Amino acid sequence: MEDQKPPEEPKKPIATVGRVIKSNAARLVKGAFFLGTYPTRKLEDALDFIYGYSKEAQENPPINTRLLSIFLTVVVLATVVTYQMLQSPEISKEAAFMGGIFTLACLLWFTEALPLFATAILIIGLEIILLANPGDWRVFGFESGASPSFNTFLAPLSDPILVLFFGGFLLARAAVKRGVDSSLAGVVLRLFGKTPPRVMLGMMVITAFFSMWMSNTATATMMLTLVIPMFAQLKEEPLFQKGLILCIPFAANIGGMGTPISSPPNAVAVAFLHTQGISVSFLQWVFIALPLLAVVLAFAWLMIYKFYKPTDEKIEINLPKAPIDGKGKYVIFIFVITILLWLSEGWHGLPTAVVALIPAIGFTATGLISKKDVNSLEWNILLLIAGGIALGTGMTLTGLDQILVGFLPENSPILFAILILTTWILSTFISNTATSNLLIPIGVSMAYMGEGVWNVVMAKEIAIGIALAASMAMALPVSTAPNTIAYSQGKLESKDFTVMGGLIGFAAILLIIAFGPLMIAFWSGIF
């Protein structure tokens, strides 16, 4: 029997093609001029450029009316808030404008009517227009004193923490591209043994470790590729299969506490503290977070194995081997050098952002990282972090943070607990980076209501505590990207995340509230 040919796509009417050509003639002319001015451009770039215009001409994405209506509603609400604040004689004009921007950011980040990074860009743009007022328009700008330069709100786009994160992205990209991550994971995993509890513990330790240096999303994806082949050996253990999958996103989230580059909330905390003149070194963060990380990880392992242990605990799981080639060894060398320099900043004096240029140069100059790799980096995360820094800067400059602080209790232990719990709850439903962007400026401002060096320590406690708590929000499949990836495997249910993720997350929050301030105060006194 002959193979049936797939049905041919219907041809577009000639009239439609004609309209497309006519409507895009100007674009094609501009494109030809663009190509003519760049004779050295590679042929593939030229073809991509032409294809982009022709593809754009044929596409007409529909407008999402639901998101549009939400966005317009949010704009109206933010405008009303701004108007009401302008009517108050006790609130300055700049604080009123910033109040509207803050309201807009809260609602847009909560509803995601715009992509998160788009809201971050909108924040920077509104701050430049309404607060910096570069056009010197009479209705905008500062009421008390001169308006800040627009460069003040563009500065977050070049903040050193973004360079640090960029270096971390390149490390992760090179490791994934050369297969170093999965090869090392397989090598280390075999050291833990072949019995179910040891395999699960090894999975969680390796996942948490990689998540300290790589995106937790990439880490979860990589570790799941190691877990899935094991299921052929565990056909009679469906419950343990679920436990193996579940331990990976939870360990990835827990590992997000470990270093300043392990999750965006950590970067937000370090960057905002830096704007307040408070320095948190790479090593200091590790010493603060690592003990908390270890305790939470051990608790998570005990709970997951208790509820998802196999019926036959004597089974052995054989693990595959994956060799590392010469380029992979080079990636490991750059990885080790970069991490050692990050951890020894106090001895050699090189800032962490400067050290982050080592993988950037070492991988791009050798061709291990191509233009395509750079283009595929998570630039939206960098923009989101920059927007959070700009939001905090605007709140501090306009005094809005002090206005909001007036609604909070003055008792610092209660304040710390409230902020940590609020972070955990909000991050369960919305982006943990957005939550940190909103709460860290308010919490840090609360620390400066008094006088003395201990207020600096309190600012660290609040900022770092919020960042750590944001990583513990994992009670829903949509709470974090690793949760979503694990849920997409089809073996887990929502209740698996709600029960186990809620239990582990709540225990971690209690641990942060009880011991976080002590750890931060202790290491702040040493470094």
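Just so we're aligned: the sequence shown equals residues 4 to 530 in this note's numbering.
Backbone N, C-alpha and C define an ideal beta-carbon position, used for all residues, glycine too.
In this text the structure is predicted, and so the values were computed from the model without any measurement.
Quiz item: Hey, out of V459, A476, I132, whose CA is closest to T426's CA?
Solution: Closest by alpha carbon: A476.
Exercise. Could you tell me whether the Cβ atoms of A389 and P159 are closer together than 8 Å?
Key: Yes; because the gap between Cβ atoms is below 8 Å, this pair is in contact.
Quiz item: Can you tell me the Cα-Cα spacing of S439 and V271, whole angstroms?
Solution: One C-alpha to the other measures close to 7 Å.
Quiz item: Can you tell me the Cα-Cα spacing of L295 and A517, whole angstroms?
Solution: One Cα belongs to L295, the other to A517, and the distance between them is close to 11 Å.
Quiz prompt | As assigned by DSSP and simplified to three states, the class of G261 | solution = Note: G261 maps to coil in three-state DSSP.
Exercise. Give the straight-line distance between the Cα atoms of I342 and Q87, rounded to the nearest whole angstrom.
Key: Going from the Cα of I342 to the Cα of Q87 covers about 50 Å.
Self-check item: Inter-residue CB distance, I523 and V447 (contact presumed, cutoff 8 Å)
Solution: Actually they do not touch by this definition, with Cβ atoms about 13 Å apart.
Self-check item: Nearest residue (CA-CA) to L75, options F105, L110, A235, K96
Solution: Checked all of F105, L110, A235, K96; the closest Cα to L75 is L110.
Quiz item: CA-CA distance, G258 and T401?
Solution: If I take the Cα positions, the gap works out to 36 Å.
Self-check item: For L192 and I209, believed in contact at Cβ under 8 Å, the rounded distance
Solution: By a beta-carbon distance limit of 8 Å, I209 contacts L192. Their separation comes to about 6 Å.
Quiz prompt | S282 classed as buried or exposed, judged by whether at least 16 other C-beta atoms fall within 10 angstroms | solution = Label assigned to S282: exposed.
Quiz prompt | Where the alpha helix (DSSP H) containing Y490 begins and where it ends | solution = First-last of the alpha helix (DSSP H) with Y490: 484-490.
Exercise. Tell me the start and end of each unbroken alpha helix (DSSP H) in the segment 363-442 that is at least 4 residues and wholly inside, in chain order.
Key: Listed in chain order, the complete alpha helix (DSSP H) runs (minimum 4 residues) inside the segment 363-442 are 374-378, 382-401, 403-408, 415-432.
Quiz item: What alpha helix (DSSP H) runs, 4 residues minimum, are completely inside the segment 183-248?
Solution: Fully enclosed alpha helix (DSSP H) runs of 4 or longer: 183-195, 199-214, 219-230.
Exercise. Might you give, ordered along the chain, the residues of its own chain that have their beta carbon closer than 8 Å to the beta carbon of W526, omitting 5 neighbours on each side?
Key: Non-local C-beta neighbours of W526 in its own chain, meaning closer than 8 Å and more than five positions away in sequence, comprise Q287, F290, I291, ordered along the chain.
Quiz item: Buried or exposed: which applies to Q244, given that a residue is buried once 16 or more other Cβ atoms fall within 10 Å of its Cβ?
Solution: With 16 or more other Cβ atoms within 10 Å, it is buried.
Quiz item: With distances taken between CB atoms, is the gap from F212 to G205 smaller than 8 Å?
Solution: Not in contact: F212 and G205 (Cβ atoms no closer than 8 Å).
Exercise. Using three-state DSSP, classify K330 as helix, strand or coil.
Key: Helix, per DSSP.
Practice problem: Can you say whether F100 is buried or exposed, counting buried as having 16 or more other CB atoms within 10 angstroms of its CB? | Solution: Result: buried.
Quiz item: If we count the other Cβ atoms within 10 Å of its Cβ and call it buried at 16 or more, is I515 buried or exposed?
Solution: Only buried fits I515, as 16 or more other CB atoms lie within 10 angstroms of its CB.
Quiz item: Are there 16 or more other CB atoms within 10 angstroms of the CB of L513, so buried, or fewer, so exposed?
Solution: Classification of L513: exposed, given that the 10 Å Cβ count is below 16.
Quiz item: Looking at V202 and I320, is the spacing between their C-beta atoms short of 8 Å?
Solution: Contact flag set, yes.
Practice problem: Could you have a look at R176 and say whether DSSP puts it in helix, strand or coil? | Solution: It is helical.
Quiz item: Does the separation of the CB atoms of P151 and A135 fall below 8 Å?
Solution: Yes, the pair counts as a contact, with Cβ atoms nearer than the cut-off.
Exercise. Evaluate the contact criterion for the segment 109-126 versus the segment 377-393: three or more CB pairs, one atom per stretch, below 8 Å.
Key: Counting C-beta pairs closer than 8 Å gives three or more between the segment 109-126 and the segment 377-393, which meets the contact rule.
Practice problem: Using the Cα positions of P326 and F120, report the straight-line distance between them to the nearest angstrom. | Solution: Roughly 39 Å between the two C-alpha positions.
Quiz prompt | Cβ-Cβ separation, E146 to S95 (assumed contact under 8 Å), whole Å | solution = The C-beta distance from S95 to E146 rounds to 5 Å, short enough to fall under 8 Å.
Quiz item: Taking the alpha-carbon positions, what's the S497 to Y308 distance?
Solution: Approximately 18 Å, taken between the alpha carbons.
Quiz item: Where do the N-terminal and C-terminal ends of the alpha helix (DSSP H) with G349 fall, by residue?
Solution: Here the alpha helix (DSSP H) through G349 covers 348-351.
Quiz prompt | Span separating the alpha-carbon of G182 from that of S373 | solution = Taking the straight line from one Cα to the other gives about 16 Å.
Self-check item: L242 versus L129 - alpha carbon distance
Solution: Their Cα atoms are separated by approximately 52 Å.
Practice problem: With A478 as the anchor, note down where its alpha helix (DSSP H) starts and where it stops. | Solution: No alpha helix (DSSP H) holds A478; DSSP gives it neither H nor E.
Self-check item: Spatial neighbours of T114 in its chain, beta-carbon cut-off 6 Å, leaving aside the 5 residues before and after
Solution: For T114, where only same-chain residues beyond five positions count, the Cβ hits under 6 Å are I73.
Quiz item: Rounded to a whole number of angstroms, what is the C-alpha to C-alpha distance between T82 and F153?
Solution: Taking the straight line from one Cα to the other gives about 22 Å.
Quiz item: How is the alpha helix (DSSP H) around G504 delimited, first residue to last?
Solution: In the DSSP annotation of this structure, G504 is not part of any alpha helix (DSSP H), being labelled neither H nor E.
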